[in-house]
Amino acid sequence: MSSPKKRRFGCLLIPLALIILYYGAYFLLRGPRPADPQFIAHRGGDVTTPENTLAAFQNAIDLGANYIEFDVQMSVDGHLIVIHDDTVDRTTNGTGLVSEMTLDQIRALDAGDGERVPTFEEVIQLAKDNQVEILPEAKSPALYPGMPAKMVALVEEMDYLDHTVFQSFVLTALDEMRVANVDVATCRLFGLWKFDLSEPSSADYVCPMAEMVLLNPWMVRAAHQRGQEVYIWFGVIEHPLTMRLMFAFGADGVMVDNPLALKKIMNR
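Okay, so the sequence shown: first residue is 1275 according to this note's numbering, each after it adds one.
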């Protein structure tokens, strides 16, 4: 008769074997990995510079980022600005809703280290000057009627459409962008508890959360089989090890808050 210690050991071996089988099967069937995965700076990075500022974007560019990723919202007087939250409270020395403030009021705030909240136009121009791609997110589109189309119009006006991938969690925002211009490239964002990317989507890219990909890497393979590229973003598990793992799963690009760490991994 086996001892309790041996039975406990056996109980541990079974789930371990299943995990090895699960991921081993994925790596066996994954297919070829992208030859040139993209280095994407999430909000420009926030480790050494304030997020979503021109300083952050320039730092990411200097580190070799292919893309700068950022969030777009709209002031009460209709200007497109780059900020993540619905309020200015967390990232500036001010308080209040972005949607209730004028551009001048927002620009008067300190976004960290003396930086100002940039306009969408300023970020596009910085990207043009440095020849990098941009990945703007239409943030909280329900708060800003017409904003997705306005974003497309500005990128068209600045002749940067071929270097832009528009992203949103909200499918109707991406639809509005495609109505504005059928040639726009779009990325559907997916967040927590989204394990399955099998639903039909006309987006050119899908952007799932790393935590979900870790639990179900098969979603990467499924997207590739539909002809979609996969750009992965991190919630709370960003680490050099998980960055490497996302590339091993076949990610076409990884969005990180620490661009220096990704630069080292990619040997840029």
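Ideal Cβ placement from N, Cα and C applies to all residues, glycine included.
Per DSSP, the continuous alpha helix (DSSP H) segment holding Pro1533 begins and ends at Pro1533 to Met1540. With at least 16 other beta carbons inside 10 angstroms of its own, Thr1438 counts as buried.
Pairwise C-beta distances place the stretch 1317 to 1328 out of contact with the stretch 1511 to 1519, as fewer than three of them are shorter than 8 Å. Take the alpha-carbon of Pro1306 and the one of Val1372: they are about 44 Å apart. One alpha carbon belongs to Asp1384, the other to Asp1351, and they sit about 20 Å apart. No Cβ-Cβ contact shorter than 8 Å links Ala1496 with Met1520. Going by C-alpha positions, Pro1491 is about 33 Å away from Val1397.
Counting only the Cα atoms, Asn1404 lies some 23 Å from Gly1386.
Of the residues assessed, Arg1462 falls on the buried side of the cut-off, its CB having 16 or more other CB atoms within 10 angstroms. Under the DSSP assignment, Thr1393 falls outside any beta strand (DSSP E); it carries neither an H nor an E label. Counting other Cβ atoms within 10 Å of its Cβ, Thr1376 stays below 16 and is therefore classed as exposed. With respect to Ile1380, Val1391 sits close: the two C-beta atoms are nearer than 8 Å. For the options Val1504, Val1444 and Tyr1300, the alpha carbon positioned closest to that of Asp1310 is the one of Val1504. In terms of CA proximity to Ile1506, Val1480 leads the group Met1425, Arg1452, Val1480 and Asp1531.
Take Glu1374, set aside five residues on each side of it, and the residues of its chain with a beta-carbon closer than 8 Å to its own are Val1350, in chain order. For Arg1452, the CB contacts under 8 Å within the same chain, skipping 5 residues up- and downstream, are Val1458, Thr1460 and Ser1476 in chain order.
Listed in chain order, the alpha helix (DSSP H) runs fully inside the stretch 1421 to 1505 are 1421 to 1431, 1445 to 1454, 1484 to 1489 and 1492 to 1499, counting runs of at least 4 residues. As the crow flies, the alpha-carbon of Arg1364 is around 44 Å from that of Leu1302. Between Ser1442 and Lys1413, the alpha-carbon positions lie close to 7 Å from each other. Taking 8 Å as the cut-off, the Cβ atoms of His1498 and Gly1524 count as close. Comparing alpha carbon positions, the residue from Gly1368, Phe1508, Leu1428 and Lys1468 closest to Thr1393 is Leu1428. When beta bridges are read from the DSSP output, Thr1327 appears opposite no residue. If you draw a straight line from the Cα of Ala1329 to the Cα of Glu1389, it comes to about 7 Å. The continuous alpha helix (DSSP H) containing Pro1514 extends over residues Pro1514 to Ala1522. Beyond the five residues adjoining it in sequence on each side, Leu1536 comes within less than 7 Å, by CB distance, of Phe1313, Met1517, Val1528 and Val1530 in the same chain, given in chain order. Exclusion of the five residues before and after Leu1417 leaves Ser1373 as the residues of its chain whose Cβ lies within less than 6 Å of its Cβ.
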